[in-house]
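One structure is given here, and the rest of the page talks about it.
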Amino acid sequence: LKRIAVLTSGGDAPGMNACIRAILLTAAACNIEVIGFKHGFNGLLEQEYQTLHPQHVDNIIQRGGTILKSARCPALEQADGPARAAASLKELNIDALIVIGGDGSFRGTMAISKHYDGQLIGVPGTIDNDVDGTDHTIGFATAIDTALDAIDKIRDTADAFERIFLVELMGRHSGYISLAAGIAGGAEQIICPEFGPLSPDNLRAIIKPIQHAQLLKGKSSYLIVVAEHSYPGGATALAEALTKAIGIECRACILGHIQRGGSPVGADRILATKLGAYAVEQLLQGATLMMAGEVNGETCLYPLEKTGDGTKQIDPFLVRWQQQIGSY
Ligand code: ATP
């Protein structure tokens, strides 16, 4: 390997910078040149890039976002997109490409592989944790803490006003952030896609525990964590429906993009460093079309094409426990 490239794609996640740093430092130690494409796959298609040197990654381990910028890239999904991306890699003499992103970015990487002879490797970087082949994705741990900080604050005001609050968290179509932050925030209920579809016609399962809790003395606040895409119209529509159904005002708070920002927590910096370094080491061993992940504390490779299969489960123990205590 003489020259490798890295890019960050899809939703940005805290720890992406720590990962870029680890890739650059590991490659530099092995005399491999690293270029960074800007704005995800757009930079690859447009040949917008910079050669990275150790000074570029000074002081970035603690910074959220990504120095390479991230973006979606509809052009890669056009019929000629993957071939154009591969041609660009060849023209720039890139021996291997490291893609830091989610399973969508890895589908894009697989599409490029049909036209490219060099090595392609993925590193899971998304707050959603919805990538198979790794226990945690880079950014997930920080997103939980960010959500938790908000939940704790909303709890204070909910408590003071004796209100029911619904807090909507990100996660695309998975409930990892909601389950983790809901458990850690002591939420009375957690609603996420894994618990089955929720529609205006089957709200009873949610209403019953609220009414039960009202009967218990001393309960002055009630928090429901709602994963995005769990209810038509989101937490705002759900709050309105609940207000109507139970006659008590329910308020919705949508946390939104706050969850993607912020300085990465220690666990994310360590995971990002480990997986970035491991990706370069595995490229040197000849790995391709693999994702660098971590399972049970051990680094491991997982086929890129299987990362979006959705076989990873949200913690069944916590799911069972949350449902068991749901009405208290
Ligand atoms: P996150 O879920 O955190 O936002 P992600 O990587 O899953 O991250 P996506 O928006 O799904 O984010 O995908 C990122 C980019 O990957 C897309 O904008 C597109 O450029 C590329 N991509 C996704 N699927 C394909 C595909 N089937 N073919 C070609 N490119 C694709």
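Going by UniProt numbering, the first residue of the sequence shown is number 4, and it counts up by one from there. Built from N, CA and C at the ideal position, the CB exists for glycine as well.
In this structure, Asp148 sits away from Tyr179, with a CB-CB distance that is not shorter than 8 Å. Its Cα nearest to that of Leu258, the residue Val229 stands out among Val268, Thr246, Val229 and Ala280. Residue environment: Arg323 is assigned as exposed (fewer than 16 neighbouring CB atoms within 10 Å of its CB, all protein chains considered). Membership of Arg158 in the alpha helix (DSSP H) is indicated by the continuous run Phe143 to Phe164.
Between the C-alpha atoms of Leu10 and His42 there is a straight-line separation of about 8 Å.
About 5 Å separates the Cβ atoms of Thr145 and Pro267, confirming a contact at the 8 Å cut-off. Annotated three-state conformation of Val37 is strand, per DSSP.
Within the model, the alpha-carbon separation for Asn20 versus Lys5 is close to 22 Å.
Relative to ligand 1, the beta carbon of Ser12 is positioned inside 7 Å of a heavy atom. In the DSSP annotation of this structure, Leu278 is not part of any beta strand (DSSP E); the continuous alpha helix (DSSP H) holding it starts and ends at Gly269 to Leu287. In this structure, the CA atom of Val126 is about 36 Å from the CA atom of Leu241. Shown here for Cys256: same chain residues with a beta carbon closer than 8 Å to its own, the five before and five after excluded, namely Ala153, Ile157, Phe168, Leu169, Val170, Glu171 and Ala238 in chain order. Under DSSP, Glu243 forms no beta bridge with any residue. The segment 95-102 and the segment 135-145 do not touch, with fewer than three beta-carbon pairs separated by less than 8 Å. Each residue's CA atom was taken as its position, placing Gln326 and Ile194 some 10 Å apart. In the three-state scheme derived from DSSP, where H, G and I count as helix and E and B as strand, Ile103 is classed as strand. By the 16-neighbour rule on beta-carbons within 10 angstroms, Ser73 is buried.
If you compare the alpha carbons of Ile63, Thr112 and Ile251 with that of Gly311, the shortest gap goes to Thr112.
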